[in-house]
Amino acid sequence: MSNINVTLQEGILTLEMNRADKKNALTRQMYQAMADTLNEANQDPQVRVVRLTAAGSCFTAGNDISDFANRDEGNQVAEVSAFMRALVECRHPVVAQVHGMAVGIGTTLLLHCDLVYCEPEVKFVLPFINLGLVPEYASSYLLPKLAGRRKASEWLMLGEPFGADEAQQFGLVSGVVEASQLADKVAQVCQSLAAKPQFALSHTKALLDNDKDAVEQQINVEMDLFIEAMGTEAAQEAFDAFLNKRPVNRDKFR
Ligand code: COA
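According to my numbering, the sequence shown holds residues 4 to 257 in order.
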C-alpha cells in the first residue's frame, strides 16, 4: 500500500497523502507513488490540474526519519528525487491545500507548486539545520527570491516554525482560508484552472518557470551536500534522538 490516494474528477487529479497515524511522514513508497502519478499525468490528456492534499491532522511531517536513519549507500534519496523532479517537471498547474503542519520537504515542495492555500492555524517549518542537514530542492535559491534573503536565513538557519500570516506576508502561500472553507476554496480554484484554455495555461506556467537551469543547478549542489550531511555525527544523532524519543545530545552538534 502506497498511502497515496489518487482520484481524477473533471480534469482535477487529486493526490492525497494518507498516512495519518504517522502525520503523513513520507516514505520511499509514497514518494515513488506520487512521482509515478505525476509523470503519468503529464501524458494524460484527461488531466488539467493537480491538487495536492492530505488526510488526518497534518499536511506532512516531512521525510520519514527512519528512512533517513536507515540509508543505504548510493541510493539514499532516489525516490524523493523522483518525486521532486516530477513536481518540478509537472506541466499542469499544481495547487496545494495545506493544514496542520508542513514540515521539511512538506514546506520545500510548496515552492514548486503554483498556488498554495492554507488554514489560519497551520505551521510551516524547515527544520533541516536542527537535524544537521542542509536545504534541499532549490529552497536555498527559491526562498531568498520569494521571501528575501533575511527571511530565508531566518527560516533556514534557525529552523523554527512559522505561521500562516508570515507565510502569506512573505509569499509562501497564495491565501489563508478558514479551515472549514479550505477544501471548497481549493476545489473552486482547481475548477477555474481546469476551465482555462489549456495551451495558454500550460505555456503560462512554463513562462513563469523561466529559471529552470538555475533551479536544476542548485538542486544538484544541495543534493550532494545533503547526502554528505546525512552521514555526519550531528545528523545521525538527531535522527536517533527523534526515533528513540529522547533529547538530542548537543555535544554531538559540532
Ligand atoms: N518520520 C517518522 N515518523 C514520524 C515523523 C517523521 N518525520 N513524524 C512523525 N512521526 C511519527 C511519530 O514517531 C509518531 O509515531 P508513533 O505513534 O509510532 O510514536 C507518530 O508519527 C505521531 O507523531 P507525534 O510526534 O507523536 O505527533 P505530534 O503531534 O506530537 O508531533 C510533529 C507532530 C510533526 C511536530 C512531530 O512528529 C515531529 O517533529 N516530527 C518530525 C518532523 C521532522 O523533523 N521531519 C523531518 C524533516 S526533514
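Idealized CB from N, CA, C, for every residue including glycine.
- Task: Give me whichever residues DSSP pairs with Ile132 in a beta bridge.
- Result: DSSP, once it has assigned bridges, lists no residue as partnering Ile132.
- Item | heavy atom of the ligand MG below 7 Å from Ser69 C-beta | The ligand MG is absent from the structure shown, which contains only the ligand COA.
- Hey, would you say the C-beta of Ile7 is under 7 Å away from at least one heavy atom of the ligand COA? no
- Item | Thr111 beta carbon less than 8 Å from that of Glu92 | no
- CB of Val137 within 8 Å of CB of Glu225, strictly: yes
- Query: Is it the case that the CB of Cys61 approaches a heavy atom of the ligand COA more closely than 7 Å?
  - Reply: yes
- Compute the minimum distance between the beta carbon of Gly65 and the heavy atoms of the ligand COA, and state whether it is under 7 Å. yes
- Which residues mark the beginning and the end of the beta strand (DSSP E) in which Glu19 is found? 15-20
- Which listed residue (Ala238, Glu19, Thr56, Asn42) has its alpha carbon closest to that of Leu90: Asn42
- Message: Can you tell me whether Gly109 is helix, strand or coil according to DSSP?
- Response: helix
- Message: If I follow the unbroken beta strand (DSSP E) through Val176, where does it start and stop?
- Response: From DSSP, Val176 is part of no beta strand (DSSP E); its letter is neither H nor E.
- Task: Out of Arg51, Ala141, Arg22, Thr56, state which residue places its alpha-carbon closest to the alpha-carbon of Gln220.
- Result: Ala141
- May I ask whether a heavy atom of the ligand COA can be found less than 7 Å away from the beta carbon of Met104? yes
- Val251 versus Thr40: straight-line alpha-carbon distance, rounded: 37 Å
- Query: Helix, strand or coil: which one does DSSP assign to Asn8?
  - Reply: strand
- Item | Candidates Met233, Cys121, Phe165, Pro164, of which the one nearest Glu181 by Cα | Cys121
- Message: Can you tell me whether Ala28 sits near the ligand COA, meaning its C-beta is under 7 Å from at least one heavy atom of the ligand?
- Response: yes
- Work out the CA separation of Lys126 and Ala190 for me, nearest whole Å. 22 Å
- Three-way DSSP call (helix, strand, coil) for Val50 in this model: coil
- Find the nearest neighbour of Ala99 within the set Lys208, Ala217, Lys188, judged by alpha-carbon distance. Lys188
- Item | Inter-residue Cα distance where the pair is Val53 and Val119 | 12 Å
- Task: Pull up the DSSP beta-bridge partners for Met104, would you.
- Result: Lys126
- Message: Under 7 Å: does the beta carbon of Leu210 sit that close to some heavy atom of the ligand COA?
- Response: no
- Query: CA-CA distance, Lys255 and Ile230?
  - Reply: 18 Å
- Near the ligand COA: Pro250 beta-carbon under 7 Å from a heavy atom: no
- Query: Assuming Val83 contacts Tyr144 under a Cβ cut-off of 8 Å, what Cβ separation, rounded to an integer in Å, is found between them?
  - Reply: Wrong, their Cβ atoms sit about 18 Å apart, outside the cutoff.
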